[in-house]
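Structure, as structure tokens:
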Amino acid sequence: MSTGELKVLLVDATGLKGADYVGSISPYVVIQYNNHELKSRTAHGFCGADQGGDPVWNETFAFPVSSSPVDNPIQHKLILRIMDADTYTEDDFIGQATVHLGNVIALGTEEGFAELEPAKYRVVLEDESYCGEIEVGVRFTTHGALIFVKFPRKLVEGLETS
Numbered sequence: 001m002s003t004g005e006l007k008v009l010l011v012d013a014t015g016l017k018g019a020d021y022v023g024s025i026s027p028y029v030v031i032q033y034n035n036h037e038l039k040s041r042t043a044h045g046f047c048g049a050d051q052g053g054d055p056v057w058n059e060t061f062a063f064p065v066s067s068s069p070v071d072n073p074i075q076h077k078l079i080l081r082i083m084d085a086d087t088y089t090e091d092d093f094i095g096q097a098t099v100h101l102g103n104v105i106a107l108g109t110e111e112g113f114a115e116l117e118p119a120k121y122r123v124v125l126e127d128e129s130y131c132g133e134i135e136v137g138v139r140f141t142t143h144g145a146l147i148f149v150k151f152p153r154k155l156v157e158g159l160e161t162s
């Protein structure tokens, strides 16, 4: 069993389209990893101006990770649900992106850490149609992982034990 921390850098998004017929969007992101969920701030531009379809967040989030070698890599996925904050009605769903992290968690478990540099991921609607891109980076670092080193028998035979 390996435990650690997954840090998620939420950079920005481009080309988002809102569900509102009037006005522009006020996007925020709900980030899910396993049973944990965190929410970004609502993106606003200079002097509070709305950034609309090209928001910038530059926020970092941390999630606890528990992983064992028998875990299914598919279970390690980051879900980014982009929402439009509304004042008088329920917030609108803009789109969603999924980042599969099975290889990052596996490599991090072996090496002590692993990362994906910030990259753009497709944002899609429920019908899988494209509706923009979101830029995200991730880094997984283990806590107290046990590392076993195998020495050649010849080297070990000469050692005395106390």
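Reminder that position 21 of the sequence shown reads as 21 in UniProt numbering, one-by-one numbering, no gaps.
Where a beta carbon is used, it is the ideal one built from N, C-alpha and C, also for glycine.
Treat the numbers as computed from the prediction; the structure is a model and nothing was measured.
Assigned exposure category for residue i - 16 Cβ within 10 Å defines buried
i	result
PRO55	buried
THR60	exposed
residue 210	Residue 210 falls outside the range modelled here, since the chain spans only 1 to 162, and no answer is possible.
ALA85	exposed
TYR130	exposed
TYR88	exposed
HIS36	exposed
Same chain, Cβ closer than 7 Å to residue i, neighbours up to 5 away in sequence not counted
i	result
residue 164	With the chain represented from 1 up to 162, any question about residue 164 goes unanswered, as that position is not in the structure.
CYS47	Caution is warranted here: a pLDDT of 42 is assigned to CYS47, below 50, making its placement in the model unreliable, and no coordinate value can be reported.
GLU90	none
GLU117	GLY137
ASN58	VAL11
Contact belief for residue i with residue j at Cβ below 8 Å, rounded distance in angstroms
i	j	result
LEU9	GLY95	No, LEU9 and GLY95 are not in contact; Cβ-Cβ is about 19 Å, not under 8 Å.
SER67	THR42	About 32 Å separates the two Cβ atoms, so there is no contact after all.
GLU135	ALA114	Incorrect: roughly 19 Å between the Cβ atoms, too far for contact.
LEU101	VAL138	7 Å
Which residues DSSP lists as bridging residue i, in chain order
i	result
GLY2	One point to set straight first is that residue 2 is Ser, not Gly, in the sequence displayed. According to DSSP, SER2 bridges with SER67.
PRO27	ASP84
ALA43	DSSP lists no partner for ALA43.
LEU38	ILE31
PHE12	Phe is not the amino acid found at residue 12; the sequence shown has Asp there. BP columns for ASP12 point to VAL56, GLU135.
LYS7	ALA62, ARG139
Same chain, Cβ closer than 6 Å to residue i, five either side skipped, listed in chain order
i	result
ARG81	VAL30, GLN96
LEU38	ILE31, PHE61
HIS76	LEU101, GLY102, ILE105
Minimum Cβ-Cβ distance from residue i to chain B less than 8 Å
i	result
ILE25	The structure shown has no chain B; it contains just one protein chain.
Proximal residues to residue i (C-beta, below 8 Å), its chain only, five neighbours per side dropped
i	result
TYR121	LEU80, ALA97, THR98, VAL99, GLU133, ILE134, GLU135, VAL136
THR142	SER2, THR3, GLY4, GLY108, THR109, GLY112, PHE113
**Report entry** Runs of alpha helix (DSSP H) wholly within the stretch 68 to 141 (minimum 4 residues, chain order)
**Finding:** 102 to 111
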